[in-house]
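Report on the structure given below.
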Amino acid sequence: SAVISQKPSRDICQRGTSLTIQCQVDSQVTMMFWYRQQPGQSLTLIATANQGSEATYESGFVIDKFPISRPNLTFSTLTVSNMSPEDSSIYLCSVVAGGSTDTQYFGPGTRLTVL
Amino acid sequence: LAKTTQPISMDSYEGQEVNITCSHNNIATNDYITWYQQFPSQGPRFIIQGYKTKVTNEVASLFIPADRKSSTLSLPRVSLSDTAVYYCLVGVHGSGNTGKLIFGQGTTLQVKP
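Protein chains in written order, with the working numbering: chain V, 1 to 115; chain L, 1001 to 1113.
Structural data, given as C-alpha cells:
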C-alpha cells in the first residue's frame, strides 16, 4: 500500500493568483497522477506525472495552466495558475503502488476555493 | 479505456445486501475491473478488483459473468458507514498498465437506518 499526504488540505485564494499543491508519498513510486473533482462531480484526470519525464496532460488541460513538477520518486507538485472561480475544485494526487494488482491509492485531496 | 455505466443512485437499509451493477460493453481482453469507494471530503479508496468469475475479500464480492460485459459489486449487510459513492472502472492491468483511471459518474449509495 501507499500513504499519501497533500498540502494544503484546503485554501481560499483570490482570482489571478496561483497555488502550488504538494503531494508526498511514503514509498517510491513511478506512476503519479493528478485529478480534479469539481463540486458534486466525478474525478477528471489532469495529467500523468512519471519521474524522469515530462508530465503528460489530458485533453482540456495545459501545462501553462497546471504546471507539474516531479523531482523524485516520492514527491510531486501541481500548480493552479492564474486562478478563476471555475478552478474551485478538489485536487487529488494518486499513485500506483506495489504488487501485482497495480492498485491506485489516492491522497486526501486539496479543497480549493477561488473568490 | 472502456466506458462504464452505473446507476446514479441507490438507497438501502442497514443490514441489507446491496448489489451495484456496472455495464462495460467495450471491455478489452487485457482490462481488469476495479471498484473504488469515496466518502465525502476523502479520496477514493480501492475496494476490489477482478478479471472474471467471482472475487471476494473482507469488504465485498465482485461477480463477473463469462462475457465480462458487466460486473456486480456486492456489499453484505451494509451499515450507515457504507454511505458513499462507488465507482466502477476498467483498465489495463500488469505490465501494460498506464495507470490511467477514467472515472464515470459513480453510484451514490445512501444507507438508511
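No residue lacks a Cβ here, since even glycine has one placed at the ideal position from N, Cα and C.
Check	Outcome
Taking VAL1085(L) and THR1107(L) to be in contact with their CB atoms under 8 angstroms, please state how far apart those CB atoms are, rounded to whole angstroms.	7 angstroms
Excluding five sequence neighbours on each side, which residues of the same chain lie with their C-beta closer than 8 angstroms to the C-beta of PHE61(V)?	ILE46 and ALA47
With a floor of 3 residues, list each beta strand (DSSP E) that falls wholly inside the stretch 36 to 70 of chain V, ordered by position along the chain.	43 to 48
Hey, quick one: how far does the beta strand (DSSP E) through ILE1008(L) stretch, first residue to last?	First-last for ILE1008(L): undefined, no H or E at that position.
Is there a Cβ of chain V sitting closer than 9 angstroms to that of LYS1114(L), yes or no?	Lying before the first or after the last residue shown, residue 1114(L) is absent from chain L, which here runs from 1001 to 1113.
Residues of the stretch 18 to 52 of chain V with a CB closer than 7 angstroms to any CB of chain L: list them in chain order, please.	MET31, PHE33, SER42, LEU43, LEU45 and THR48
Are the C-beta of GLY1043(L) and some C-beta of chain V separated by less than 9 angstroms?	yes
What do you get for ALA1060(L), buried or exposed, if any count of 16 or more other CB atoms within 10 angstroms of its CB means buried?	buried
DSSP three-state label for ASP11(V), please.	strand
Who are MET32(V)'s beta bridge partners in DSSP?	VAL95(V)
Kindly provide the ranges of any alpha helix (DSSP H) runs that are 4 or more residues long and lie completely inside the stretch 1042 to 1075 of chain L, ordered along the chain.	none
Which residue from GLN1006(L), PRO1113(L), GLN1038(L) and SER1071(L) puts its Cα closest to that of TYR1032(L)?	SER1071(L)
Under a CB-based cut-off of 9 angstroms, is TYR1087(L) close to chain V?	yes
Using a Cβ-Cβ distance cut-off of 9 angstroms, determine whether THR1056(L) contacts chain V.	no
Between the Cα of THR103(V) and those of VAL1055(L), LYS1052(L), ILE1047(L) and PRO1007(L), spot the shortest distance and give me the residue it belongs to.	ILE1047(L)
Could you tell me the boundaries of the beta strand (DSSP E) in which ARG111(V) lies?	110 to 114
Consult DSSP for ILE1102(L) and reduce its assignment to one of helix, strand or coil.	coil
According to DSSP, what are the bridge partners of GLN22(V)?	LYS7(V) and THR77(V)
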